[in-house]
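Numbering (this note's numbering), first residue to last: 3 to 176.
Here you go:
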């Protein structure tokens, strides 16, 4: 049985990775723990839509991360901080080969050198699925660290906001 091609896809806590594909009928593959989806939109289009669903624009989230962390290149994106959905790009998001990896699904990274001396990294997800990307281990490790730092900065801000936000009583008095 083949998977249907979707016009769009909603990024959720189940999304492990978004991969770019050069195909006439679809432009992305979304990997989840038990399945894959083929989608007509590009990974960046899906990320931008998910940011809007999470309450901000991609550009706004990117600017906030730059402000909070100082990272300026291959910036991790807090797609929906309230739901702890954070992703990082494997390359510059403007490049076709940019995949998006979702931090909370990663178990480990393993470096690999191919016979042609190209650096690759194998991502092992928490469900033991593996994904090989043509990106150096150093780059992937750096991206994982940037995203972890981003998560700490944003969770700290969310905690501060929740601690200072007054509760609204919903009781009716007659």
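No residue lacks a Cβ here, since even glycine has one placed at the ideal position from N, Cα and C.
All values derive from a computational prediction rather than experimental measurement.
Host beta strand (DSSP E) of residue 15 (start-end): Your numbering for residue 15 matches position 13 in the chain shown. First-last for residue 15: undefined, no H or E at that position.
Reference residue 105, options 81, 39, 96, 94, closest by Cα: For the purposes of this step, residue 105 is taken as the residue at position 103 of the chain shown. Closest option to residue 105, Cα to Cα, is 81.
With 16 other Cβ atoms within 10 Å as the buried cut-off, status of residue 2: The question about residue 2 has no answer here: the residues shown for the chain are numbered 3 through 176.
Close Cβ partners of residue 139 (< 7 Å) along its chain, the five nearest in sequence each way excluded: As a working note, residue 139 is residue 137 in the chain shown. Cβ within range, chain order: 111, 113, 121, 123.
DSSP three-state assignment for residue 64, whether helix, strand or coil: Walking along the chain shown from the start, residue 64 turns up at place 62. Residue state, collapsed to three classes: helix.
7 Å Cβ shell around residue 63 - same chain, five flanking residues per side excluded: Within the chain shown, the letter at position 61 stands for residue 63. Hits under 7 Å: 53, 79, 80.
Whether residue 84 touches residue 56 by CB criterion (9 Å): As a position in the chain shown, residue 84 is number 82, starting the count at 1. As a position in the chain shown, residue 56 is number 54, starting the count at 1. Against a cut-off of 9 Å, the Cβ pair of residue 56 and residue 84 comes out as a contact.
Helix, strand or coil at residue 147 according to DSSP, with G and I counted as helix: Within the chain shown, residue 147 is the residue found at index 145, counting from 1. Here residue 147 sits in helix by DSSP.
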